[in-house]
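Heads up, the thing below is written out as structure tokens.
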Amino acid sequence: MVRFILGRLVKAVFILLAILVFNFLLIHAAPGDPAAVMAGEAGAADEKFLADLRTRFGLDQPLYVQLWIYIKGAVQLDLGYSFRQQMPVAELIGDRLPATLLLTGVAFVLSLVLGVIAGVAASARQGSWGDTVISTLALLFYATPLFWVALMAALVFSVWLGWLPGFGYSTIGAGYTGMAHVLDVAKHLVLPASTLGLFFMAIYMRMTRASMLEVSRLDFVKTARAKGLKRGVIQRRHILRNALLPVITLAGLQAGQIFGGAILTETVFAWPGIGRLMFEAINQRDYNVILGVFYISAAMVLLFNLITDVVYVIVDPRIRLTT
Amino acid sequence: MIRPIKFAAAALALALAGPLAAQDGEPQYGGTLNVVIQPEPPGLMLGLIQNGPTQMVGGDIYESLMRYNFDLTPEPQLAESWEISEDGKTYTFKLRPGVTFHDGTPFTSADVEFSMDVFLRETHSRMRTYMEHVESIETPDDLTVVITLKQPFGPFIGIFEAGTVPMIPKHIYEGTDFANNPANNTPIGTGPFKFDEWVKGSYIHFVKNEDYYMDGLPYVDEIYYHVIPDAASRAVAYETGQVDVLPGGSIENFDVPRIREMDNTCITEKGFEYFGPHSWIWVNTDNKPLNDVKLRQAMMHALDRDFARDALWNGLGKVATGPVSSSTKFHAGDTPDIGYDPEKAKALLAESAYNGETIRLLGLPYGETWQRWAEAVKQNLTEIGMTVDIVPSDVAGWNQKVSDRDFDLAFTYLYQYGDPALGVSRSYMGDNADPGSPWNNVANYQNAELDALWDEAALMANPEDRKAAYKTIQDQIVSDVPNLWLLELGFPTIYRCNIKNPVNTAFGVNDGFRYVWIDKE
């Protein structure tokens, strides 16, 4: 197991490097640069102003020099400086990452747990009205665009009902500490996390349901029934455990995808995370920040995939790990 | 019967006169002001960064020598009084005594000299061009500044506002690398509010300057600028009461009617007189057949700008009559008519060199309103028989395309800074036409006679002479149609009616919130 993990980590380093170079070239291929954007927001600029900015940002160097400087820094975990935000990128991401991890983490766990439970419930009585209701809801969540759900959630629960805050991470200026602060953040978390979770919940639900139904028709389940085992035990120990494997595969993939969803959710709900940071950085051509966020999220995806593989073994000890 | 009607009319007139302090009762102290800021500024050091959001937030911290009324008349701020010599070349400013920076250091004439002659000359591109007219800056004593110009420069009296000439503390910046000075993160000025904290991605917090030199000001204790990236969420933030002031352009236009219907909600278009945001479509006259004046006139008459104002801008703003906004000095109201007339447009198009070429229209990537506007323009031009393709882009891509002159028609809007010599001439003068920037003479309009007149008009000492010169210029440019003028944009500032005096000058919220008070009854 240790050898497996180490092997994967070594591979991950090379993959990360490749991603880095690819992203670097891709971003520089887009029209416009940060100096032009900053000048654009000022609505006026002369040549000297633009040239000064480009020199400060190091954009006057040839592209391969810029790339080399970036990679040299990145291997030493130095992600460069954001001239736009006037802060080191690592610090900027460090400030924002916890908020994103909290949001995506809660959304992920919420969607996985509720999705699996709903899937099991639906499969237990296939064709019943309960199954129909759950399946229809899942289809609805699956098909509705995330931004629409987000805006409607804000409209209903924040503007009309006034139950939950519609945006932000905590109440600004309230100065809560301790438990009051935790509760405040939790309240702010409800709408973005459930919005982000809904789509994935629908996927897990459908996946679990289908998988459960499939496994329940297999011979060993029939054997278990013939043995006279209790229904609950069969469901839990025989069917669910086997049905979960495809769900785990999917969850591992989606742990990475959920970052993508976070960009939208964070923007709509003004959640100060790295998804939004990246969205703004792309608009502003803040190269170092874009690359930094790509770098971190690529590392996260690799890490999640590794975790998924390890979880396989725990759920089903028959699976062997090979690098 | 007559009396009550008269009375009602008088009351209505008073109500329309806007929030005058006298009507609103006695100002109250205390409270927190919650304002939307969009997008998050790159920094708050107004001398280094001139982005819109920086200017808006920075006006609470930084101040200049003067402020300007809605009709652009100067009023004292850091300068108590000033004199302009007969020949229009010497400006003598008397500074207000007893002014200190936020760190307690007194503000003196040395700071004015340093700001203008050293700091801003280095960092501020607009200021750099203005400084070319300055021969010398002298400081005979701590409270006197004498600026001598090389020749009279009419618009000079109009530049002393915080966004153009912010007063920079000499004792902090002298001899340092301005751009990388750590003090940029904790900006210090003479203004009514002090910088307290900036949580990136969430909010910027200012607190009251207890030692502010204007007696009894400011009224409110603190200001939070909330960073909310999504336009719909900014509207929600106002609806749920989390913010009280939506500065111009904070929310999408189609949300304005809904928000203005809310209880306790006031709206004003005032506060943009100095900027005079003027929108138009650049016509790339380097490309055939757009170099044909008949075609440009045809397109100009094809645009239904009343529709754009009423449907897309919810009735805010005015239809532009030419290159100069009506709030800018020397606006000529009687230039040749460029109104909507599709029949005339079709006739002109038939006479022009246009042969069914596809025209690429570059929209402005500043939100929904602009996207729809591009579609409306496409429709207008299609109606007279042209073929138009809308080219999508993001902000950086737009900058690049316009800089490279890679378009046929391109939306834009620019500020005019109160005077044709400051904010208008740059878009029409022949020697300002090189590719490389989206804010010079992008249309490549060339008219040597007018160039000479622009130069003369800027340097005339007598306003009457300037007026006549600008009238000639405007008539000629309007006939040549190098651009398709659209609207004098109306950006509504929306706020709760119990927030008093958010907009007091031609700079709107950028002027800072020194006079704002919150009615708590």
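Heads up: the protein sequence lines correspond to chains U and D, in order.
Under my numbering, think of the first position of the first sequence as -11, with each following residue one higher.
Under my numbering, think of the first position of the second sequence as 13, with each following residue one higher.
We put the beta carbon where it would ideally sit given N, CA and C, even for glycine.
Item: For D:P51, which residues in chain U fall below 9 Å Cβ to Cβ?; Value: E29, E268, N271 and Q272
Item: Residues of chain D with CB under 9 Å from U:Q73, in chain order?; Value: E52, P54, G55 and K212
Item: Starting from U:S182, find everything on chain D with Cβ-Cβ shorter than 7 Å and list it in chain order.; Value: Within chain D, no residue comes near U:S182; the closest Cβ sits about 16 Å away, beyond 7 Å.
Item: Using a C-beta to C-beta distance shorter than 7 Å, which residues of chain D count as neighbours of U:V256?; Value: D242 and S245
Item: Using the three-state DSSP reduction, which class does D:W94 fall into: helix, strand or coil?; Value: strand
Item: Name the DSSP bridge partner or partners of D:L421?; Value: D:V295 and D:L373
Item: What is the DSSP secondary structure of D:L426, reduced to helix, strand or coil?; Value: strand
Item: In terms of residue numbering, what span does the alpha helix (DSSP H) encompassing D:E395 cover?; Value: E380 to E395
Item: Would you say D:A34 faces chain U, with C-beta separation under 8 Å as the test?; Value: Unreliable positioning characterises D:A34 in this predicted model, as indicated by a pLDDT of 44, which lies under 50. The coordinate reading is nonetheless provided below. By this cut-off, D:A34 is not an interface position.
Item: Evaluate the contact criterion for the segment 222 to 238 of chain U versus the segment 56 to 72 of chain U: three or more CB pairs, one atom per stretch, below 8 Å.; Value: no
Item: Looking at D:A518 and D:P167, is the spacing between their C-beta atoms short of 8 Å?; Value: no
Item: Are any of the Cβ atoms in chain U nearer than 8 Å to that of D:G260?; Value: no
Item: If I follow the unbroken beta strand (DSSP E) through D:Y224, where does it start and stop?; Value: Element bounds for D:Y224: n/a, residue is neither H nor E.
Item: Using a cut-off of 9 Å between C-beta atoms, extract the partners of D:H238 located in chain U.; Value: F155, G156, I160 and A258
Item: Give the DSSP-derived three-state secondary structure of U:M26 in the structure shown.; Value: helix
Item: Are the CB atoms of U:V9 and U:R273 within a distance shorter than 8 Å?; Value: no
Item: Any heavy atom of the ligand NAD closer than 7 Å to the Cβ of U:F292?; Value: Ligands in the displayed structure: none, and consequently the ligand NAD is not present.
Item: Considering only the alpha carbon of each residue, which of D:Q391, D:A408 and D:V407 lies closest to D:D401?; Value: D:Q391
Item: Please report the distance separating the alpha-carbon of D:K358 from that of D:L434.; Value: 36 Å
Item: Using 8 Å for Cβ pairs, my map puts D:P504 next to D:L328. What's the rounded Cβ distance?; Value: 6 Å
Item: Could you list the residues in the segment 447 to 472 of chain D with a C-beta less than 8 Å from some C-beta on chain U, going in chain order?; Value: G448, S449, P450 and W451
Item: Could you tell me which chain D residues have their CB closer than 7 Å to the CB of U:P86, listed as they occur along the chain?; Value: Near U:P86 there are no residues of chain D at all, since even the closest Cβ is about 12 Å away, more than 7 Å.
Item: Counting only Cβ pairs nearer than 7 Å, list the residues of chain D close to U:S285.; Value: Chain D residues near U:S285: none, gap ~17 Å exceeds 7 Å.
Item: Under 6 Å Cβ to Cβ from D:S437, same chain only, skipping five residues before and after it: list those, please.; Value: W466
Item: Just the Cα atoms here: how many angstroms apart are U:T196 and U:D172?; Value: 34 Å
Item: Report the neighbours of U:F37 on chain D: residues whose CB is nearer than 7 Å to its CB, in chain order.; Value: S137
Item: Using a Cβ cut-off of 8 Å (strictly closer), state whether U:A106 contacts chain D.; Value: no
Item: Whose Cβ in chain D lies nearer than 7 Å to the Cβ of U:D83?; Value: K212
Item: In or out: D:N196 buried (at least 16 other Cβ within 10 Å) or exposed?; Value: buried
Item: Let me see if you follow: with CB-CB separation under 8 Å, is U:V147 close to chain D or not?; Value: yes
Item: Below 8 Å between beta carbons: does that hold for D:S76 and D:L60?; Value: no
Item: Classify D:E468 as buried or exposed, calling it buried when 16 or more other Cβ atoms lie within 10 Å of its own Cβ.; Value: exposed
Item: Is the Cβ of D:D420 closer than 8 Å to any Cβ of chain U?; Value: no
Item: Quick one: list the residues of chain U neighbouring D:N196, beta-carbon separation under 9 Å, in chain order.; Value: Q74
Item: Using a Cβ cut-off of 9 Å, pull out every chain D residue sitting near U:R44, in sequence order please.; Value: A191 and N192
Item: So that I know if they touch, is there some Cβ in chain U lying closer than 8 Å to that of D:Y231?; Value: no
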